[in-house]
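Undergrad: Residues are numbered in this note's numbering as their position in the sequence shown, beginning at 1, plus a constant of 18.
Where is the CB? At the ideal position from N, CA and C, for every residue including glycine.
Every value quoted in this text rests on a predicted model; they were computed, and no experiment measured them.
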Amino acid sequence: MSDRYLGTVRAPEFPAGLDWLNVPGPLSLQALRGKVVIFDFWTFCCINCHHVLPQLRKLEERFPSELVVIGVHSPKFHAEAETHNLRAAIVRHDIRHPVVNDRGFLLFRAYAARAWPTIMVVNPDGKIVGGSAGEFDAEDLVPLIQGLIDGFDGMGRLNRQPLESLFEKLKLPERLLSFPGKLAVDPSGERLFIADTGHHRVLQFSLPEGRLKAVWGGLEPGWVDGTPIRSRFNSPQGLCVSGDSVFVADTENHAVREISLSGRSVRTIAGTGRQNRKLGAPGGSFPARNTDLSSPWAVTAQDDQVVVAMAGHHQLWQIRVRAGMMEPLAGDGHESLRDGPAAESRLAQPSGLCRDGSRIWFADSETSAVRSLEFRDPDPVVRTWVGQGLFEFGDEDGGRGMARLQHPLDVAAADGLVYIADSYNHKLKTLDPQSGRVRRFCGSGEPGFFDGPAAAACFWEPSGLAVWNDWLLIADTNNHVIRRVHRRTGDTGTLDLQE
Numbered sequence: 019m020s021d022r023y024l025g026t027v028r029a030p031e032f033p034a035g036l037d038w039l040n041v042p043g044p045l046s047l048q049a050l051r052g053k054v055v056i057f058d059f060w061t062f063c064c065i066n067c068h069h070v071l072p073q074l075r076k077l078e079e080r081f082p083s084e085l086v087v088i089g090v091h092s093p094k095f096h097a098e099a100e101t102h103n104l105r106a107a108i109v110r111h112d113i114r115h116p117v118v119n120d121r122g123f124l125l126f127r128a129y130a131a132r133a134w135p136t137i138m139v140v141n142p143d144g145k146i147v148g149g150s151a152g153e154f155d156a157e158d159l160v161p162l163i164q165g166l167i168d169g170f171d172g173m174g175r176l177n178r179q180p181l182e183s184l185f186e187k188l189k190l191p192e193r194l195l196s197f198p199g200k201l202a203v204d205p206s207g208e209r210l211f212i213a214d215t216g217h218h219r220v221l222q223f224s225l226p227e228g229r230l231k232a233v234w235g236g237l238e239p240g241w242v243d244g245t246p247i248r249s250r251f252n253s254p255q256g257l258c259v260s261g262d263s264v265f266v267a268d269t270e271n272h273a274v275r276e277i278s279l280s281g282r283s284v285r286t287i288a289g290t291g292r293q294n295r296k297l298g299a300p301g302g303s304f305p306a307r308n309t310d311l312s313s314p315w316a317v318t319a320q321d322d323q324v325v326v327a328m329a330g331h332h333q334l335w336q337i338r339v340r341a342g343m344m345e346p347l348a349g350d351g352h353e354s355l356r357d358g359p360a361a362e363s364r365l366a367q368p369s370g371l372c373r374d375g376s377r378i379w380f381a382d383s384e385t386s387a388v389r390s391l392e393f394r395d396p397d398p399v400v401r402t403w404v405g406q407g408l409f410e411f412g413d414e415d416g417g418r419g420m421a422r423l424q425h426p427l428d429v430a431a432a433d434g435l436v437y438i439a440d441s442y443n444h445k446l447k448t449l450d451p452q453s454g455r456v457r458r459f460c461g462s463g464e465p466g467f468f469d470g471p472a473a474a475a476c477f478w479e480p481s482g483l484a485v486w487n488d489w490l491l492i493a494d495t496n497n498h499v500i501r502r503v504h505r506r507t508g509d510t511g512t513l514d515l516q517e
């Protein structure tokens with residue numbers, strides 16, 4: 019057997035006292051002897067970590083008896099360190115391998131990881147034989163894994179016994195909604211559209227009755243255009259209504275879809291279904307249906323111009339629907355925070371959008387920022403209103419230099435204010451563009467579920483906002499419900515949605 023497969027450095031053992039998920043109890047490397055093991059160092063806020071999950075799933079399906087993937091969750095944000103939040107993320111992303119909460123970065127440091135995501139490959143003798151940082155393609159690892167399997171099987175040192183599992187997903191009851199992502203209300207105020215993300219579908223309800231009127235997509239992920247019952251989505255997020263159309267950011271299909279309300283049909287207007295792993299696109303226009311995208315997360319539209327928060331590219335793009343063309347609007351593709359001319363600016367996982375006249379507001383989640391794209395003559399400009407950088411976050415009200423958010427995921431404009439889903443702080447906040455001040459609007463800051471006065475109400479990672487008459491509607495993602503907050507008083511209730 020080649021020395022490449024033997025390794026020289028023994029993999030560090032798991033420290034005692036860590037929380038384990040998706041398995042009945044803590045694991046040890048000694049108990050995993052005879053298995054090929056991949057460590058995936060990740061944090062659930064990170065779009066690049068999201069992109070690694072399908073690649074790991076392909077490897078798990080290809081080597082179901084010989085390979086064990088261990089998710090080592092080393093959190094960036096304070097909220098990610100809490101096991102109950104990590105458990106929700108595991109279910110939301112349908113992760114089926116064991117995950118350990120490395121909240122103190124003990125394993126991250128022991129394995130000399132330097133970035134999210136990082137993978138390490140351990141041979142059946144418990145020695146490290148490879149590793150890399152960043153995204154990867156499953157096929158690139160197949161020769162190494164197959165070589166380890168063949169070599170150790172030949173020596174009689176391979177263990178094909180299945181690992182005992184206890185999936186977190188199986189502990190949850192069935193619900194009408196599963197991790198709803200974003201919302202949209204039509205101009206009449208009579209129709210509410212919900213991205214039922216965990217169920218891979220888009221739902222239409224009547225307002226104020228809350229009765230289910232239409233369903234697009236099914237309970238299993240897929241990528242199919244056509245009638246409501248035939249169509250399929252894969253973890254859709256952003257929604258917006260424009261005329262007779264509902265535009266959908268079909269995130270894990272790396273596509274933008276259009277629902278025709280009168281024609282009752284779905285079609286793809288951008289994307290190929292393949293993820294583009296290159297750095298964000300340079301200037302110029304591209305045929306929308308022939309261009310690979312990367313995790314579109316939010317959309318907003320005016321006439322046939324659809325602006326897309328391309329989270330995986332750290333950019334904003336624009337689709338000209340009738341022309342069938344698209345082009346970058348803001349961001350050079352590098353993940354950072356830099357203001358100025360749109361083409362030279364830098365964004366970090368934009369995840370929420372709204373229009374306000376000639377300005378587009380966006381939640382730049384990885385910099386815990388709220389920013390705007392302003393269409394000035396001759397060139398658009400990006401401006402930051404709150405947020406300081408990739409590792410500056412918190413929960414503070416005040417002006418631009420003082421205010422802090424924690425991974426906001428959506429924005430909505432009304433009443434001369436910008437409402438913010440301060441997702442990892444479990445709050446709603448407001449930004450006053452006139453004064454530049456950020457204030458808490460609603461939410462105690464404790465994750466949970468409680469209706470009532472503004473200061474006492476509890477949310478759990480609110481991710482989507484929509485304005486409806488005197489109310490703000492909220493996709494309360496980890497509570498699997500839609501909440502409503504009175505825009506004047508902050509009093510909070512829950513929509514009674516009925517099938």
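Nearest-angstrom Cα distance between ASN308 and ASP243?
TA: Residue mapping note: residue 308 aligns to position 290 of the sequence shown, counting from 1. Residue mapping note: residue 243 aligns to position 225 of the sequence shown, counting from 1. Answer to the nearest angstrom: the Cα atoms are 16 Å apart.
Undergrad: Could you check the C-alpha separation between SER183 and VAL118 for me, to the nearest Å?
TA: If you number the sequence shown from 1, residue 183 lands on position 165. If you number the sequence shown from 1, residue 118 lands on position 100. C-alpha separation (whole angstroms): 13 Å.
Undergrad: Which parts of the stretch 178–262 are runs of the alpha helix (DSSP H), unbroken and 4 residues or longer, counting only runs that do not cross its ends?
TA: For the stretch 178–262, not a single whole alpha helix (DSSP H) run of length 4 or above is found.
Undergrad: For PHE223, which option in GLY235, LEU279, GLY216 and LEU210 has the closest C-alpha, if you only look at C-alpha atoms?
TA: In the sequence shown, the residue the question calls residue 223 occupies position 205. Closest option to PHE223, Cα to Cα, is LEU210.
Undergrad: I want to know whether the stretch 407–426 touches the stretch 337–346 - three or more CB-CB distances under 8 Å.
TA: In short, these stretches do not touch, since the Cβ pair count stays below three.
Undergrad: Are HIS111 and GLU78 close, meaning C-beta to C-beta below 8 Å?
TA: Here the question's residue 111 lines up with position 93 in the sequence shown. Here the question's residue 78 lines up with position 60 in the sequence shown. No, they are not a contact pair.
Undergrad: Provide the residue span of the beta strand (DSSP E) that contains PHE57, from first to last.
TA: Here residue 57 refers to the residue found at position 39 when the sequence shown is read from its first residue. Per DSSP, PHE57 belongs to the beta strand (DSSP E) from 54–60.
Undergrad: Measuring only the C-alpha atoms, how far is ILE378 from PRO359?
TA: Residue 378 sits at position 360 when you count from the first residue of the sequence shown. Residue 359 sits at position 341 when you count from the first residue of the sequence shown. Cα-Cα distance, rounded: 14 Å.
Undergrad: In angstroms with no decimal places, state the Cα-to-Cα distance between ASP214 and PRO198.
TA: As a working mapping, residue 214 is identified with position 196 in the sequence shown. As a working mapping, residue 198 is identified with position 180 in the sequence shown. Approximately 5 Å, taken between the alpha carbons.
Undergrad: Taking the beta strand (DSSP E) that LEU371 falls in, what are its first and last residues?
TA: The residue you call residue 371 lines up with position 353 of the sequence shown. Taken as a continuous stretch (DSSP letters only), the beta strand (DSSP E) holding LEU371 covers 368–374.
Undergrad: Just to confirm, are SER481 and SER453 a CB contact at a threshold of 8 Å?
TA: As a position in the sequence shown, residue 481 is number 463, starting the count at 1. As a position in the sequence shown, residue 453 is number 435, starting the count at 1. Contact: no.
Undergrad: Among LEU71, LEU201 and PHE62, whose alpha-carbon lies nearest the alpha-carbon of VAL87?
TA: Reading the sequence shown from its first residue, position 69 is the one you call residue 87. VAL87 has its Cα closest to that of LEU71, out of LEU71, LEU201 and PHE62.
Undergrad: Do LEU391 and LEU334 come within 8 Å of each other at the CB atom, strictly closer than that value?
TA: As a working note, residue 334 is residue 316 in the sequence shown. As a working note, residue 391 is residue 373 in the sequence shown. In this structure, LEU391 lies closer than 8 Å to LEU334 by Cβ.
Undergrad: Taking Cβ to Cβ, would you say ALA316 is nearer than 8 Å to LYS200?
TA: Residue numbering aside, residue 316 sits at position 298 when the sequence shown is read from its first letter. Residue numbering aside, residue 200 sits at position 182 when the sequence shown is read from its first letter. Against a cut-off of 8 Å, the Cβ pair of LYS200 and ALA316 comes out as a contact.
Undergrad: Counting C-beta neighbours from all protein chains within 10 Å, is the total for ASP168 16 or more, i.e. buried, or is it exposed?
TA: Walking along the sequence shown from the start, residue 168 turns up at place 150. So ASP168 counts as exposed.
Undergrad: Below 8 Å on the Cβ atoms is my contact criterion, and I expect ALA421 with VAL404 to pass it. Report the Cβ-Cβ distance as a whole number of Å.
TA: Taking the first residue of the sequence shown as 1, we reach residue 421 at position 403. Taking the first residue of the sequence shown as 1, we reach residue 404 at position 386. The pair is a contact, with the Cβ atoms about 5 Å apart (cut-off 8 Å).
Undergrad: Going by beta carbon distance, what residues of the same chain come within less than 6 Å of GLY25, once the five residues before and after it are set aside?
TA: Translated into the one-based positions of the sequence shown, residue 25 becomes position 7. Excluding positions up to five away in sequence, the list reads ASN141, LYS145, ILE146 and VAL147.
Undergrad: Which residue marks the beginning of the alpha helix (DSSP H) containing LYS76, and which one marks its end?
TA: Looking up residue 76 in the sequence shown gives position 58. That run of the alpha helix (DSSP H) goes 65–80.
Undergrad: Going by DSSP in three states, ALA360 sits in which element: helix, strand or coil?
TA: Taking the first residue of the sequence shown as 1, we reach residue 360 at position 342. Helix at ALA360.
Undergrad: Going residue by residue through the stretch 388–438, where are the continuous beta strand (DSSP E) segments of at least 3 residues, counting only ones entirely within it?
TA: Correct list: 399–404 and 428–432.
Undergrad: Since ALA387 contacts VAL326 with CB under 8 Å, what's their CB separation in whole angstroms?
TA: Locating residue 387 in the sequence shown gives position 369, counting from the first residue. Locating residue 326 in the sequence shown gives position 308, counting from the first residue. The pair is not a contact, with the Cβ atoms about 18 Å apart (cut-off 8 Å).
Undergrad: Closer than 7 Å by C-beta to TRP234: which residues in its own chain qualify, once you throw out the five before and the five after it? Chain order, please.
TA: Sequence index remark: in the sequence shown, residue 234 carries index 216 (1-based). Here the set comprises ARG219, VAL220, PRO246, SER249, ILE277 and VAL284.
Undergrad: Report the three-state DSSP secondary structure of ASN497 (helix, strand or coil).
TA: Position 479 of the sequence shown, counting from 1, holds the residue named residue 497. Helix.
Undergrad: Assuming VAL400 and VAL324 form a contact by the criterion Cβ under 8 Å, report the distance between their Cβ atoms to the nearest whole angstrom.
TA: Residue numbering aside, residue 400 sits at position 382 when the sequence shown is read from its first letter. Residue numbering aside, residue 324 sits at position 306 when the sequence shown is read from its first letter. That belief does not hold up - the Cβ atoms of VAL400 and VAL324 are roughly 19 Å apart, past 8 Å.
Undergrad: Tell me, to the nearest whole angstrom, how far the beta carbon of ASP350 is from that of ALA361; I am working on the premise that it is less than 8 Å.
TA: For the purposes of this step, residue 350 is taken as the residue at position 332 of the sequence shown. For the purposes of this step, residue 361 is taken as the residue at position 343 of the sequence shown. The pair is a contact, with the Cβ atoms about 7 Å apart (cut-off 8 Å).
Undergrad: Buried or exposed for MET173, please, with buried defined as at least 16 other CB atoms from any protein chain shown within 10 angstroms of its CB.
TA: Position 155 of the sequence shown, counting from 1, holds the residue named residue 173. By the neighbour-count rule (16 or more Cβ atoms within 10 Å), MET173 is not buried but exposed.
Undergrad: Between the C-alpha atoms of GLY461 and PRO471, what's the straight-line distance to the nearest angstrom?
TA: For the purposes of this step, residue 461 is taken as the residue at position 443 of the sequence shown. For the purposes of this step, residue 471 is taken as the residue at position 453 of the sequence shown. So the alpha carbons of these two residues sit roughly 9 Å apart.
Undergrad: Quick check on ARG340: buried or exposed, where buried means 16 or more other Cβ atoms within 10 Å of its Cβ?
TA: The residue given as residue 340 occupies position 322 in the sequence shown. Flag for ARG340 reads exposed.
Undergrad: Would you decide whether VAL259 is buried or exposed? Buried here means 16 or more other CB atoms lie within 10 Å of its CB.
TA: Reading the sequence shown from its first residue, position 241 is the one you call residue 259. Buried, because 16 or more other Cβ atoms sit within 10 Å of the Cβ of VAL259.
Undergrad: Per DSSP, GLU276 forms a beta bridge with which residues?
TA: What you label residue 276 is simply residue 258 of the sequence shown in a count that begins at 1. For GLU276, which the question treats as bridged, DSSP gives the partners PHE265 and ARG285.
Undergrad: Please go through the same chain and pick out, in chain order, the residues whose beta-carbon is closer than 7 Å to the beta-carbon of ASP514, but skip the five residues on each side of it.
TA: Counting from 1 along the sequence shown, the entry for residue 514 is found at position 496. Same-chain partners within the cutoff: GLY228.
Undergrad: Where does the unbroken beta strand (DSSP E) through PRO314 begin, and where does it stop?
TA: The residue given as residue 314 occupies position 296 in the sequence shown. Here the beta strand (DSSP E) through PRO314 covers 314–320.
Undergrad: Does the distance from the CB of SER313 to the CB of GLY289 come in under 8 Å?
TA: Taking the sequence shown and counting its residues from 1, one reaches residue 313 at position 295. Taking the sequence shown and counting its residues from 1, one reaches residue 289 at position 271. The answer is no: Cβ separation not under 8 Å.
Undergrad: Inspect the beta-carbon positions of ALA97 and GLN424 and report whether they are closer than 8 Å.
TA: Taking the first residue of the sequence shown as 1, we reach residue 97 at position 79. Taking the first residue of the sequence shown as 1, we reach residue 424 at position 406. Yes.
Undergrad: Using a Cβ-Cβ cut-off of 6 Å (strictly less than) and excluding sequence neighbours within five positions of PHE170, which residues of its own chain qualify?
TA: In the sequence shown, the residue the question calls residue 170 occupies position 152. So the qualifying residues of the chain are PRO142 and LEU176.
Undergrad: Identify which residue in LEU490, ILE163 and ARG51 has its Cα closest to the Cα of LYS76.
TA: By 1-based counting over the sequence shown, the position of residue 76 is 58. Per the Cα distances, ILE163.
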